[in-house]
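Asker: The structure follows.
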Amino acid sequence: MLRALPRPTAPLGPDGAEVLRLITVQRAPVCLTVQASGRRRYGYWQSMDAGAGRGGCYVALPTAACDALHAAGRIVLGDPVVDPGKTTYPVRPAAREVSSQTAVPRQALTA
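The sequence shown begins at 5 in our numbering and counts up by one.
Set out below in structure tokens:
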């Protein structure tokens with residue numbers, strides 16, 4: 005019997021892996037902002053760190069690494085919020101596909 009092999013994915017470099025980790029486990033939502041001029045910026049709001057005494061700030065992520073993750077299908081953009089000067093998209097990790105070959109039959113779960 006032949007099994008379906010998972011779709012091959014390109015290996016991530018250190019920047020891409022770190023960005024994907026941040027998007028996956030980030031407590032604050034990551035967004036892509038596209039300015040009217042076409043400038044693209046991925047980032048998130050980092051809340052105040054009381055322990056370090058630092059205030060909140062906007063943290064930008066490397067655009068090239070995020071664009072590569074989007075092109076590879078590892079992250080997806082949500083519904084846009086359109087303002088006169090910019091459009092903002094929520095960014096989230098792409099859902100993993102579950103192969104029908106690896107799925108556990110429902111009868112096996114109840115037995």
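Quick reminder that beta carbons are idealized off the backbone N, C-alpha and C, glycines included.
Quick caveat, the model's predicted, so the values are computed rather than measured.
How is the beta strand (DSSP E) around Ala64 delimited, first residue to last?
Answerer: Unbroken beta strand (DSSP E) run through Ala64: 61-65.
Asker: Could you tell me the distance, in whole angstroms, from the CA atom of Val150 to the CA atom of Gly55?
Answerer: Not covered by the structure: residue 150. The range shown for the chain is 5 to 115.
Asker: For Cys70, does the count of other Cβ atoms within 10 angstroms reach 16, so buried, or fall short, so exposed?
Answerer: Classification for Cys70: buried.
Asker: Using DSSP's beta-bridge definition, name the partner residues of Ile2.
Answerer: With the chain running from 5 to 115 in the structure shown, residue 2 is simply not present.
Asker: In terms of DSSP beta bridges, what is Cys35 paired with?
Answerer: Gly47, Pro94
Asker: Helix, strand or coil: how does DSSP classify Asp87 here?
Answerer: coil
Asker: Should Val86 go down as buried or exposed, given a rule of 16 or more other Cβ atoms within 10 Å for buried?
Answerer: exposed
Asker: Just to check my reading of the structure: Gln50 and Gly60 have Cβ atoms closer than 8 Å, yes? What is that Cβ distance to the nearest angstrom?
Answerer: 6 Å
Asker: Look at the alpha carbon of Gly17 and the alpha carbon of Arg78, and state the distance between them as a whole number of angstroms.
Answerer: 13 Å
Asker: Since I believe Arg31 is in contact with Val38 (beta carbons under 8 Å), could you give me their beta-carbon distance rounded to a whole number of angstroms?
Answerer: About 24 Å; that fails the 8 Å criterion.
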